[in-house]
Amino acid sequence: MRGARRVRVPPAPNPRVGDVASSVRTRRGRRAGNSVFRPRRRGRSRLIVSRGLRAWPRRSPPCRRGAAAQPGSALSRSGGHVVILQPRFAGPVAFGVVFLMFATRTLYHLQALDFHAKWTAGLAAFCVATIVVLAITLVLVIVRRGNVALLLGIQAAAVFAPYLVVGQGWGLAGTVLCASILLTVPRRASWAPFAVVAAADAGLAGYLHPSPLVVVYVLFVNVANGFAIFAIVRLAQLVRQTHEDGRRLAGIEVEAERLRAADRLRADVGARLSTLIRQTREALASPTLDHRRLPLLGELAHQAATDARAIADIHRNLSLTGATPVRQPPVGVELRFARWAHLLIVANFLATSLVNLFWDLRVPEHAAVGIAVVLAAVVLQLYLGSPRVGGGVPRWWRIALAAQVGPLVATALLVSFTGRAISIFLLLASGTVLIRVRAPWSWAALAVTAAALFAYDQHEEGGWGGAYMAMGVPYWAAIIYALHNLPEVTRRLHATRDELTRVAVITERLRLARDIHDLLGFHLSVIKLKIELALRTGEAAPAEARGHLAQVRRSAEQALAELRTLTTALDNVTCRDELSAARAILEAGGASVTVRYDADRLPREVDSLMGIIVREAATNIIRHARPEICTFEITAAEGEVQVQITNDGADRPHPQADHSPAAGLANLRERTEALGGRFTAFTDHDTFTLTASLPIEAAPVPPTAPRGSAKCTANDAAVTVREPGRLPT
91 MRGARRVRVP PAPNPRVGDV ASSVRTRRGR RAGNSVFRPR RRGRSRLIVS RGLRAWPRRS
151 PPCRRGAAAQ PGSALSRSGG HVVILQPRFA GPVAFGVVFL MFATRTLYHL QALDFHAKWT
211 AGLAAFCVAT IVVLAITLVL VIVRRGNVAL LLGIQAAAVF APYLVVGQGW GLAGTVLCAS
271 ILLTVPRRAS WAPFAVVAAA DAGLAGYLHP SPLVVVYVLF VNVANGFAIF AIVRLAQLVR
331 QTHEDGRRLA GIEVEAERLR AADRLRADVG ARLSTLIRQT REALASPTLD HRRLPLLGEL
391 AHQAATDARA IADIHRNLSL TGATPVRQPP VGVELRFARW AHLLIVANFL ATSLVNLFWD
451 LRVPEHAAVG IAVVLAAVVL QLYLGSPRVG GGVPRWWRIA LAAQVGPLVA TALLVSFTGR
511 AISIFLLLAS GTVLIRVRAP WSWAALAVTA AALFAYDQHE EGGWGGAYMA MGVPYWAAII
571 YALHNLPEVT RRLHATRDEL TRVAVITERL RLARDIHDLL GFHLSVIKLK IELALRTGEA
631 APAEARGHLA QVRRSAEQAL AELRTLTTAL DNVTCRDELS AARAILEAGG ASVTVRYDAD
691 RLPREVDSLM GIIVREAATN IIRHARPEIC TFEITAAEGE VQVQITNDGA DRPHPQADHS
751 PAAGLANLRE RTEALGGRFT AFTDHDTFTL TASLPIEAAP VPPTAPRGSA KCTANDAAVT
811 VREPGRLPT
């Protein structure tokens, strides 16, 4: 531009206002950041959103049988667009918007230098370098690297020192320092320095410019933009921390579920085992064996087995009903914050428009027309762009959008006063178009708007104005779009966290049902068999009956000890130990047992699973058959270990055989396939054959929720908790 110069204040490049200023933490957790709102009341909720925004627990409806876990991404659908906020995307999105803010700020200062006739290569380079310093320090503040006091000091120097060098060509940089204060200083202590910085920047700008309107404008920009940067950073932190908290909550719920199961087992099965041990000791301590005790011992063993099976069935059935503890998000809090943030942005645009309008009004008689058009645009923007519960669509939005855009374009082109006072509202309207119009029409509309604003502002202002306005279209469209979808995105993020917790608890219930069966089934079967043998031999061979009772006591004590270490008992199973135990108990029952073991130095997961297979096979034989010949063969060759177990007598079950549905073979199949192996079991006439093979370098177990420890063994369930936003391959 050449000749007489008029002061026009363009809209400051506000950062994206995207999210509630929050991060989930525990009540005693470390605070980090501020919040716009305070809690209405204090309660005992264990989850609190940082800086006073509370996450109120709420129970979700039970899921239907067979309902699949949704991918762990937050999706918000509106007008055909999909917002995907995942931990791997949230950070780059936030940094992308912040980068775009600094890019527009660079254009703003280059335009201001040209506008005030201060353009030199040296001053332009100085402004760009200062903006780069502000950008670097803000990034360090966001990622929490470096000394906070030093970073704030560097920002303060970069905000205020350029006034001495550039003068009127500098301004509005206080936004960055205001945002950094909100991001680093505790809530109660942040308001005073925030207000001082915003007012000082506005005061210096007003001192260097002849009009007091500049003070109002800069103050509005600093306050609105400071909260905007703060909000977009908090949005990224919310996405990331909700994902992390979902994992932690899943682990907590899983551990609580395991502790509840252990309490039930100790209260029911453990009590009966303790009684069985005590009465067995009393029977063995007596000089003569009291045969009247033996039926009572058999009844105690039967009740313990029934209780263990009932608890396992309870967990298996609960995993199907899906009655799991979950928490729901405080959507109303995010909705209020998003609405207030949107209102603050619109107020910033209103102040910018009025400053431009009254600063350089060419025809005073047209002031009423300009004010009417601006106020109408504000009202329609609040109607169309304000966040709604569930992402609802306002009625007659097409008519309202046409009523918003049409007068803006007509007034900017036809009425004789500064066009930018009106045309800047097209930036907000572009966000409304992105929200309401389906792609690809919305993208085409944004491209047309950017091209039109570039041509119009380049014709009116020249210099850097066209590029500045064109860049503002995608920038402000992204801000309004993200702000509008914030409540629904937050709701889905929390729903995803709850889904992760639900799936983890269901997985743990299935694992518990399986572990209870594998942990206690063998010992209880041995106890019942030995008591029956003691009943048979009690009168004819008292010494042999006492030996059986001694075995009952040892098995009960071992079962009780493993019961008290439910979380790790199966991790300590070894194949050799289980082969020895199976041979001893089957030979005591009159079977001829042949063992062939040729698989040394197996990985712990594989060896543990081989031991569990041997234990379950022996349990199955005791419960469901009367064998005469049993064979256990475990061999390793060509990178694979194979176990084959056969027994006869499958067609002549024991008189006291357990006829309940067999869950053990299904458990073994799950465990084997979880480690990448194969499992088969079949009956041919009176011979039952069980075969399982595993790669010696076992495949890793699919990821599941934590079990209270970081390790994952062959005892973990083959249920995969999907990574958020990632489909199974």
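Quick note: the sequence shown uses our numbering, first residue 91, plus one each step.
Note that CB positions come from ideal geometry on N, CA and C, so glycine has one too.
- Do Ile322 and Ala225 have their C-beta atoms closer together than 9 angstroms? Translated into positions along the sequence shown, residue 322 becomes position 232. Translated into positions along the sequence shown, residue 225 becomes position 135. Taking 9 angstroms as the Cβ cut-off, Ile322 and Ala225 do not qualify as a contacting pair.
- Query: Does the pairing of the stretch 485 to 493 with the stretch 535 to 543 give three or more beta-carbon distances under 8 angstroms?
  - Reply: Proximity of the stretch 485 to 493 to the stretch 535 to 543 falls short of the contact definition, fewer than three beta-carbon pairs being nearer than 8 angstroms.
- Query: Which residue comes first and which comes last in the beta strand (DSSP E) that contains Asp688?
  - Reply: Within the sequence shown, the letter at position 598 stands for residue 688. Asp688 -> beta strand (DSSP E) spans 682 to 688.
- Message: Going residue by residue through the stretch 234 to 303, where are the continuous alpha helix (DSSP H) segments of at least 4 residues, counting only ones entirely within it?
- Response: Runs of the alpha helix (DSSP H) inside the stretch 234 to 303: 238 to 250, 252 to 256, 264 to 274, 277 to 298.
- Task: Could you check what DSSP says for Leu765 in three-state terms: helix, strand or coil?
- Result: Here the question's residue 765 lines up with position 675 in the sequence shown. If DSSP states are grouped into helix, strand and coil, Leu765 belongs with coil.
- Task: Evaluate Phe772 with the Cβ neighbour count: other Cβ atoms within 10 Å of its Cβ, from every protein chain shown; 16 or more gives buried, anything less gives exposed.
- Result: Residue mapping note: residue 772 aligns to position 682 of the sequence shown, counting from 1. Exposed, since its Cβ has fewer than 16 Cβ neighbours within 10 Å.
- Query: So, Ala292 versus Val304, is the Cβ gap smaller than 9 angstroms?
  - Reply: Translated into the one-based positions of the sequence shown, residue 292 becomes position 202. Translated into the one-based positions of the sequence shown, residue 304 becomes position 214. Going by C-beta atoms, Ala292 is nearer than 9 angstroms to Val304.
- Closest Cα partner of Arg362 within the set Ala535, Ala646, Arg691: Taking the first residue of the sequence shown as 1, we reach residue 362 at position 272. When each option's Cα is compared against that of Arg362, the closest is Ala646.
- Message: Please classify Thr684 as buried or exposed, where buried requires at least 16 neighbouring CB atoms within 10 angstroms.
- Response: Here the question's residue 684 lines up with position 594 in the sequence shown. Answer is exposed; the Cβ neighbour count stays below 16.
- Message: Does Arg278 pass the burial test, meaning 16 or more other C-beta atoms within 10 Å, or should it be called exposed?
- Response: Your numbering for residue 278 matches position 188 in the sequence shown. Arg278 should be labelled exposed.
- Which parts of the stretch 689 to 727 are runs of the alpha helix (DSSP H), unbroken and 4 residues or longer, counting only runs that do not cross its ends? 694 to 714
- Could you tell me if Pro530 is buried or exposed, where buried requires 16 or more neighbouring beta carbons within 10 angstroms of its beta carbon? Position 440 of the sequence shown holds residue 530. Counting other Cβ atoms within 10 Å of its Cβ, Pro530 stays below 16 and is therefore classed as exposed.
- Item | Extent of the continuous beta strand (DSSP E) run through Val663 | Here residue 663 corresponds to residue number 573 of the sequence shown, with the count starting at 1. Unbroken run through Val663: none, as it is neither H nor E.
- Query: Among Ser520, Phe515, Ala394, Arg673, which one has its Cα closest to the Cα of Val463?
  - Reply: Residue 463 sits at position 373 when you count from the first residue of the sequence shown. Comparing Cα-Cα distances from Val463 to each of Ser520, Phe515, Ala394, Arg673, the minimum goes to Phe515.
- For Ser783, the first and last residue of its enclosing alpha helix (DSSP H): Translated into positions along the sequence shown, residue 783 becomes position 693. Not the alpha helix (DSSP H): Ser783 falls in the beta strand (DSSP E), residues 777 to 785.
- Take the Cβ of Ala282 as the centre, count every other Cβ of all protein chains shown within 10 Å, and call the residue buried at 16 or more, exposed below. Against the sequence shown, residue 282 aligns to sequence position 192. Exposed: under 16 other Cβ atoms inside 10 Å.
- Message: For a test of the three-state rule: what should DSSP assign to Thr365, helix, strand or coil?
- Response: The residue given as residue 365 occupies position 275 in the sequence shown. Helix, per DSSP.
- Query: Which residue from Val187, Glu728, Ile724, Leu699 puts its Cα closest to that of Leu755?
  - Reply: Your numbering for residue 755 matches position 665 in the sequence shown. The shortest C-alpha separation from Leu755 is found at Leu699.
- Message: Check this for me: beta carbons of Ala202 and Thr220, under 9 angstroms apart or not?
- Response: Walking along the sequence shown from the start, residue 202 turns up at place 112. Walking along the sequence shown from the start, residue 220 turns up at place 130. It is not a contact, given that the beta carbons lie outside the stated cut-off.
- Message: Which residues does DSSP list as the beta-bridge partners of Gln732?
- Response: The residue labelled residue 732 in the question sits at position 642 within the sequence shown. Partner(s): Thr725, Ser783.
- Message: Going by DSSP, what residue range makes up the alpha helix (DSSP H) through Ala519?
- Response: In the sequence shown, residue 519 corresponds to position 429, counting from 1. Unbroken alpha helix (DSSP H) run through Ala519: 515 to 526.
- Is there contact between the stretch 300 to 319 and the stretch 238 to 253, where contact requires at least three CB pairs shorter than 8 angstroms? no
- Task: State the DSSP-derived secondary structure class of Ala441, mapped to helix, strand or coil.
- Result: Walking along the sequence shown from the start, residue 441 turns up at place 351. Three-state result, Ala441: helix.
- Please name the residue in Gly460, Leu390, Ala431, Pro564 whose C-alpha comes closest to that of Val445. For the purposes of this step, residue 445 is identified with residue 355 of the sequence shown, where counting begins at 1. Ranking the options by Cα distance to Val445, first place goes to Gly460.
- Euclidean distance between Cα positions of Gly739 and Lys618: Reading the sequence shown from its first residue, position 649 is the one you call residue 739. Reading the sequence shown from its first residue, position 528 is the one you call residue 618. Near 19 angstroms, if we compare the C-alpha coordinates of Lys618 and Gly739.
- Using a threshold of 9 angstroms, state whether the C-beta atoms of Leu228 and Val266 are closer than that. Here residue 228 is taken as the residue at index 138 of the sequence shown, counted from 1. Here residue 266 is taken as the residue at index 176 of the sequence shown, counted from 1. Cβ distance < 9 angstroms, so Leu228 and Val266 count as in contact.
- Could you please give me the residues that DSSP links to Asp774 through a beta bridge? Taking the first residue of the sequence shown as 1, we reach residue 774 at position 684. Partner(s): Thr777.
- Query: If you draw a straight line from the C-alpha of Val287 to the C-alpha of Gly264, how long is it?
  - Reply: Along the sequence shown, read from residue 1 onward, the residue named residue 287 stands at position 197. Along the sequence shown, read from residue 1 onward, the residue named residue 264 stands at position 174. Using only the alpha carbons, I get a separation of about 6 angstroms.
- Message: Between the alpha carbons of Arg141 and Ile435, how many angstroms are there, rounded?
- Response: For this step, residue 141 is matched to residue 51 along the sequence shown. For this step, residue 435 is matched to residue 345 along the sequence shown. Residue placement at Arg141 is flagged as unreliable, the pLDDT there being 31, under the threshold of 50; a coordinate-derived value is accordingly withheld.
- Skipping 5 residues on each side, what residues in its chain have a beta carbon closer than 8 angstroms to that of Ser364? Position 274 of the sequence shown holds residue 364. Counting only residues of its own chain and dropping the five nearest sequence neighbours on each side, Ser364 has a CB closer than 8 angstroms to the CB of Leu650.
- Cα-Cα separation, Gly767 to Arg485: For this step, residue 767 is matched to residue 677 along the sequence shown. For this step, residue 485 is matched to residue 395 along the sequence shown. Each residue's Cα considered, the two are about 58 angstroms apart.
- Query: Near Lys620, what residues of its chain come up, given a Cβ to Cβ distance below 6 angstroms and the 5 sequence neighbours on each side ignored?
  - Reply: Here residue 620 is taken as the residue at index 530 of the sequence shown, counted from 1. Within the same chain, Lys620 has close Cβ partners His638, Gln641, Val642.
- Item | Beta-carbon gap between Ala535 and Pro477 smaller than 9 angstroms | Residue mapping note: residue 535 aligns to position 445 of the sequence shown, counting from 1. Residue mapping note: residue 477 aligns to position 387 of the sequence shown, counting from 1. In this structure, Pro477 does not lie closer than 9 angstroms to Ala535 by Cβ.
- Buried or exposed (CB count within 10 angstroms, at least 16 for buried), Leu254: Numbered from its first residue, the sequence shown carries residue 254 at position 164. Its Cβ having fewer than 16 others within 10 Å, Leu254 is exposed.
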